[in-house]
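Heads up: the sequence shown runs through residues 52 to 1100, numbered per our numbering. Even glycine gets a Cβ: it sits at the ideal position worked out from N, Cα and C. Every value quoted in this text rests on a predicted model; they were computed, and no experiment measured them. This report refers to the structure that appears directly beneath it.
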Amino acid sequence: MSGERLETGARVRLKHDPGRVGVVGSKTREFGGTRRWQVVFAEGTQYVPADQLEAVRDGGDDAIDLLQRGRLGHELDLRRTITHARLTGRLADVIYSMDTTGTDFYAHQFKPVVKLMNSAGRGLLIADEVGLGKTIEAGLIWTELRTRFDFRRLLVLCPAVLRDKWQRELRNRFGVEADILDATATLSRLRRAKEEVHTTNFAIIASLQGLRPEKGWIERDDDGQGGAASRLARFLDDRSQDDPLIDLCVIDEAHYLRNRETMTSALGRLVRAVSDYIVLLSATPIHLRSVDLHELVRHVDEDTFDRRQTFDEVLEANGPLVRARELVVAGTKEAGSQTDGQLEEELRRAYRHPLLQGSQQLRALIEDRVWEDDLHRPGAVARLAERLDRVNLLGHVVTRTRKRDVEERRVIRNVKKQVVPLSDVEAAFYESVTELVRDYCIQHDTHEGFLQVTPQRQMCSSMPAALRFWQQVGSDDDDTSGEDPDELERPLRAELAARARELGSLDELWQNDSKYQELRRQVRKALERNPKEKLVVFSYFRSTLHYLDERLQEDGVETMVLHGGMSNKDEIVSSFQNTRDANVLLSSEVGSEGIDLQFARIVINYDLPWNPMRVEQRIGRIDRLGQRAEQIHIWNLFYGNTIDERIHGRLFERLGVFEGALGALEPVLGDMIQELTHDLFTRHLTPEQEEARIRQTELALENRRLGEEALERDASQLTAYGDYILHQVRAARELHRTISAADIRSYVIDFFGTHYQGSEFRQSSVDTARFEVSLSIDARHDLATYIRNQRVEGSTRLVRDTVSWVRCRFENTAVPDVRGQEEVVSQFHPLVRFVASRLEESEEQRRPAVAIRLLGTRHLASGIAPGQYVFSVQRWSVHGLRDMERLYYAAASLGPERNVLEPRVAEQLIVTAAGYGIGWPEGRGAVDLDDAVSSVQERCVAPSEDAFNKYVGDLDAENADRADVQERMLNEHYETQRQRIDEVLRRYHERGQQRLIPATEGRLRALQVRTERRRREIAERRALQYSPPAVVCVGLIDVAPEVGQVASQ
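See below:
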């Protein structure tokens, strides 16, 4: 630009560093015979000679042109280009929730995220086993939906006891401030959302018990009748044909929905009808003969699974696909092997089924003759298994992870059984109470449920505590900690209270409490080894907890107590974790429900529930993800020569209850153990007869276990492509398919430095992530306007005129750890969304050419050798029933071998260069640019376009199948809803309820309009729409050898 006059405000860039774009200021300086122009860059002001500047032209050179002319930028340009694509697109291979929440990374917790994002439906049942983080998985899904689709309306339904936990988890791990509301407040919030569709944001937590309607709610005449929950039900029912009121509904402990006749199940169906997405959480074992499972997946996808017959038909259609997948993943098939015929037969059998005859994906598999592939080729098994799973008609609705499948979870359970001999005083007391209770059971023919809180259990927990309780309380008092219904009949309570004085001496039992003495010995031994040790002691009975609290305190051991009914559980647990004084937490199951105690590693079962699932729930408080100890210790205390010893010490031990080996057996154990204990307790069996009865139960349970495990294995078609999804998750992490704080920092600062002269970002000399930020007047105005118009969630002090400087920290997290008055700038911050929006609106995304040097290979995959490479990055956008975007990376060496890298290796090279490389201005002279351009075009861009065409072909088949499925589901949904509304209208006509008829007819019209609108959307999106791939960046990468490699050469 030598000799030209530069206009103030014009955008220019450095010729030899075109990534540095700035704005011409009003000042000039002249010295040494050269005139220099003031240019305001993102990082500050600089005076630059005119001949080193060139104007930034609209619609200027593309990336390949820039490479040809040697206009090469540096690593920040590449990083900004990738960051912008990730922030503004919905890239299929980027997991936006990864590394942005206050959670540790466990690959299996992202399986539900990836599965739901890839699903044709909008619902998922997460059926992970206890302790694997289903709450976290639901939070990750919400974070993903917030980022991808700007979702703002969340409803969580859970048992009342878990509401506080959900509120705490959402706030501390995901940065979501949720309100715990009752039915009245929930109805009010949803009504406001209906009226203010684009302005109302909410995160609601409510109890299943509090929101379920009364029986007969649907028959009420008007909105004024019935309780708040029934009014809420009518409101939801009336809006079931409208656009969704709720973006995501999460239902925890979803097994409460399994009985369709209950009002809890009705609530589930009502909220599903007004929710865009739904996620159910339950530890229910997955097998296909389970009526409970069918009912749960009906809530996820009622149109597909409305009838059990349809469910069975889908299972039948899926059978050959499952067998074909098993043949593939066996990993032993070579081209031409006898497996070819089996695989071909299964695929053709699947294609003959009426539900799959129109599947274009399945037809493509057959036309491609995939059975002739050599599955020993790298990646061939994974690709073919994924293609088969995508045809799967069931794989989109359920995801399940079992403890044994989680690689990161390898905690060893060290189980110790401590049998405490009865003293003479205790033996006499035990015998007298046992006889009293047995006589009572025989006389009154007591049912099995009685045994759940029988005095026998109370006595086996703590004899002094039990006797004191009977002596001090009346028949209406309850000593249970609330885990099970109180079945203890009042006449027996009254009799125990009346005869308590003659059953035994409290002073003698207190002095001769052999069980407590053993506990005290074990606690002291643990604290001698480690004075900071934290121990959790469980008991079913409050009287036992308070007795132990009293005695341990007397013996100098500081304790804290936690049981059901306490409102400050979080404070108690936090205090116990952080205090140096208390070493022992005395807790009941209900007291610890929803509480994580993995900071402790010792559990003492002072008494043992007669339901083995309760045992696992106790141990699961410390045996959870996040447990840092290599071993956890489980100490079981019980009296010798009692029913407790015979059940717990023999049957539970042989079944592996304490080692967590129950697996799919958990739901049936309770009933079978209860039947066993009833027999042992009421029939006056000899010890030999008791042992035979226990052995009989053990054999029955083992047979049942084998059956349940087999049924779960057969259900692999419901939990499809789990291995492939885990591969995707790990690839996303290894290849840094995330957005880092450094990415956001350069993205934001560069934008404001280029577009808003006068905006300043002053970096801290102590913390490189911290800045003092002051936006120009224009920047503040435009940012405030954007926030107001777009109703962006979150606030910022950067727009306030009364604040000159705002302390900010760049950190990509949904849960900022705010220090002082810092404002955390993450991908969720309004500032970042503003920048992305402005660049998209102006189509000003840069498509640079860059030259980058990597100093060494330590951050690279082992297959990348030192040398010079060319590369290209393309952005693919395909629009159908599901919009798909991705970045595609290609690279090739410039050496004599001219190797073309595998796409994943190319991505690793390019992303590593963006993150760890430095500018390589010498590249324009060190490389023949004509040769580089030719290599980029022939060995990067052209193969990328071929890959794109294949990608579109695969998506076209998938989209067509998706359209068929959605159209069928839409028609089935319409028929089901129409029939239901017609039935309601018929009843109203028969009963003469004329006032209700117009509104119901309006619902039918709304159903017809919405169905037709959706049918047109499916038809319009049946054919894919896409543009040729856009080259967003090309460049040179010089991988320098490590220092040691240089010395050895």
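For F82, the number of other beta carbons within 10 angstroms of its own is below 16, and it is reported as exposed. N629 is the residue among L547, N629, R141 whose C-alpha sits nearest the C-alpha of E584. For E1018, the CB contacts under 6 Å within the same chain, skipping 5 residues up- and downstream, are I1069 in chain order. In the structure shown, I969 falls within a strand segment according to DSSP collapsed to helix, strand and coil. Separation of E1026 and Q1059 (C-alpha to C-alpha, rounded to the nearest whole angstrom) is 10 Å. E973 and L57 have their alpha carbons spaced roughly 29 Å apart. Closest by C-alpha distance to P1079, out of G1043, D1005, F999, R1013, is F999. A check of alpha carbon separations from D288 across L318, R240, A942, V978 identifies L318 as the nearest. DSSP assignment within the segment 138-177 yields the following whole beta strand (DSSP E) runs of 3 residues or more, N-terminal first: 174-177. DSSP places H930 inside the beta strand (DSSP E), whose first and last residues are 918-930. Nearest in C-alpha terms to E958, of all of P582, A942, R141, I969, is A942.
D829 is not a Cβ neighbour of G182, given a cutoff of 8 Å.
G60 sits exposed, since fewer than 16 C-beta atoms from the chains shown fall within 10 Å of its C-beta. Looking only at L123, R122, L138, V72, the smallest Cα-Cα distance to H880 is reached by L138.
G1053 counts as exposed, since fewer than 16 other C-beta atoms from the protein chains shown sit within 10 angstroms of its C-beta.
If you ignore the 5 residues before and after L906, its C-beta comes within less than 6 Å of the C-beta of A1091, all in its own chain and listed in chain order. In this structure E188 is buried. Its beta-carbon is surrounded by 16 or more other beta-carbon atoms within 10 angstroms. The C-beta separation of G966 from L123 comes to about 19 Å, leaving the pair out of contact by the 8 Å criterion.
When the beta-carbon positions are compared, N223 and V1082 stay at least 8 Å from each other.
Secondary structure at L287: helix, using DSSP grouped into helix, strand and coil. Ranked by how close their Cα comes to the Cα of R87, the residues S77, I231, V99, L750 have V99 in first place. In the DSSP assignment, G124 falls outside any alpha helix (DSSP H) and carries neither an H nor an E.
When the five nearest sequence neighbours on each side are left out, the beta carbons in the same chain lying within less than 8 Å of the beta carbon of E367 are those of H404, in order along the chain.
An exposed status is given to F156, since fewer than 16 other beta-carbon atoms sit within 10 Å of its beta-carbon. Secondary structure of Q89 (DSSP, three-state): strand. Note that the C-beta distance between L518 and L560 is below 8 Å. With a contact defined as Cβ atoms closer than 8 Å, Y837 and H930 miss out at about 26 Å. The C-beta distance from L960 to I776 rounds to 25 Å, too long to meet the 8 Å contact threshold. Ranked by Cα distance from R860, the first of T853, V854, L849 is L849.
CA-CA distance, M935 to I790, rounds to 19 Å. The alpha-carbon separation between R1072 and A143 amounts to approximately 18 Å.
Measuring C-alpha to C-alpha distances from M168 to each of F520, Q779, Y481, Q568 identifies Q779 as the nearest. The beta carbon of T96 sits closer than 8 Å to those of G76, Q89, V90, all from its chain and outside the five residues before and after it, given in chain order.
In this chain, the alpha helix (DSSP H) harbouring Q628 covers 620-629.
For V322, the enclosing alpha helix (DSSP H) starts and ends at 314-324. Scanning its chain for C-beta atoms nearer than 8 Å, with the 5 sequence neighbours on each side dropped, one finds around R80 the residues R86, R87, Q89, Y98, in chain order.
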